[in-house]
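Colleague: There's a structure below that I have some questions on.
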């Protein structure tokens with residue numbers, strides 16, 4: 186009986202040891218990749234990209250930054266205009282026009298964001314690019330969260 | 154069955170029965186010892202299958218296999234846990250990335266925090 190308990194005890198210790206060792210190994214791998222999504226280095230590690238591929242993506246990212254900033258400013262301006270018209274008790278048609286303009290701007294931004302995601306994906310090898318689109322595209326505003334259009338799973 | 158009264162007594166058997174004597178045990182504590190062993194068996198707290206397990210684990214190959222199986226199970230558990238965490242981490246990174254390049258989401262977030270363009 187004592188022998189059995191010793192063996193079971195050893196087995197439990199071995200189980201804990203195996204778990205701890207495996208966790209330690211995986212943890213160290215995880216720490217190597219970036220912690221935030223805004224810092225695009227995670228794309229390189231997650232998609233296992235070459236230096237050339239990542240450099241091309243970084244270039245796209247920097248260029249898109251200006252477009253993004255412009256779109257952001259336009260949306261903010263459109264929102265401010267609606268607020269201004271409301272505070273002035275402007276005609277409903279003018280407020281509706283401003284709201285329409287905001288919707289149009291948002292649609293343009295969404296398309297630009299989606300286009301950027303597809304351009305980034307195009308810099309990756311095909312399979313990785315498809316995986317990137319499938320992961321990122323559903324998170325763009327206004328996109329259904331059931332996957333990117335035209336990319337069946 | 155015939156009643157004994159119908160038979161004449163067998164003189165040999167009668168003689169043998171007369172000569173028969175019960176031999177008492179040399180050990181006066183024998184009865185107590187027997188009852189002690191019976192009680193000990195009754196007081197045993199584990200079921201019979203445990204005995205089988207003890208015998209099974211007494212074999213080195215079985216004992217080693219059990220230890221190895223537990224170690225492998227521990228590692229497998231960590232692997233599954235890590236893959237779940239990894240998926241969640243990947244999803245979080247993608248969401249944060251898209252939020253950082255989607256002007257609509259950025260504008261929505263301005264009310265809460267300031268944002269930086271890429």
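Chains as they are written, first to last, in the working numbering: chain B, 186 to 338; chain D, 154 to 271.
For every residue, glycine included, the Cβ atom is placed at its ideal position computed from N, Cα and C.
Could you give the distance in angstroms between the alpha-carbon of residue 271 of chain B and the alpha-carbon of residue 291 of chain B?
Modeller: When rounded, the distance between both Cα atoms is 20 Å.
Colleague: Return the CA-CA distance between residue 192 of chain D and residue 218 of chain D, expressed in angstroms with no decimal places.
Modeller: Residue 192 of chain D and residue 218 of chain D: Cα-Cα distance of roughly 37 Å.
Colleague: Using DSSP with H/G/I as helix, E/B as strand and the rest coil, what is residue 253 of chain D?
Modeller: Note: residue 253 of chain D maps to helix in three-state DSSP.
Colleague: From residue 261 of chain B to residue 238 of chain B, what does the alpha carbon distance come to, in whole angstroms?
Modeller: The straight-line gap from Cα to Cα measures roughly 34 Å.
Colleague: Return yes when the Cβ of residue 200 of chain B is within less than 8 Å of the Cβ of residue 224 of chain D, no when it is not.
Modeller: The answer is yes: Cβ separation under 8 Å.
Colleague: Could you name the residues of the segment 218-234 of chain D whose beta carbon sits closer than 7 Å to any beta carbon of chain B, in the order they occur along the chain?
Modeller: Listed by position, the residues of the segment 218-234 of chain D near chain B (Cβ gap below 7 Å) are 219, 220, 223, 224, 225, 226, 227, 228, 230, 231 and 232.
Colleague: Taking the runs of the alpha helix (DSSP H) that are 4 residues or longer, which of them lie wholly in the segment 223-269 of chain B?
Modeller: The qualifying runs are 226-231.
Colleague: Is the segment 271-283 of chain B in contact with the segment 298-308 of chain B, if contact means three or more CB pairs nearer than 8 Å?
Modeller: Flag = no, the segment 271-283 of chain B and the segment 298-308 of chain B do not touch.
Colleague: Of the residues D:238, D:227, D:180 and D:239, which one's Cα is nearest the Cα of residue 206 of chain B?
Modeller: Here the closest residue by C-alpha is D:227.
Colleague: Report the rounded CA-to-CA distance for residue 212 of chain B versus residue 193 of chain B, giving the unit in angstroms.
Modeller: The straight-line gap from Cα to Cα measures roughly 28 Å.
Colleague: Just to check my reading of the structure: residue 255 of chain D and residue 298 of chain B have Cβ atoms closer than 8 Å, yes? What is that Cβ distance to the nearest angstrom?
Modeller: The pair is a contact, with the Cβ atoms about 5 Å apart (cut-off 8 Å).
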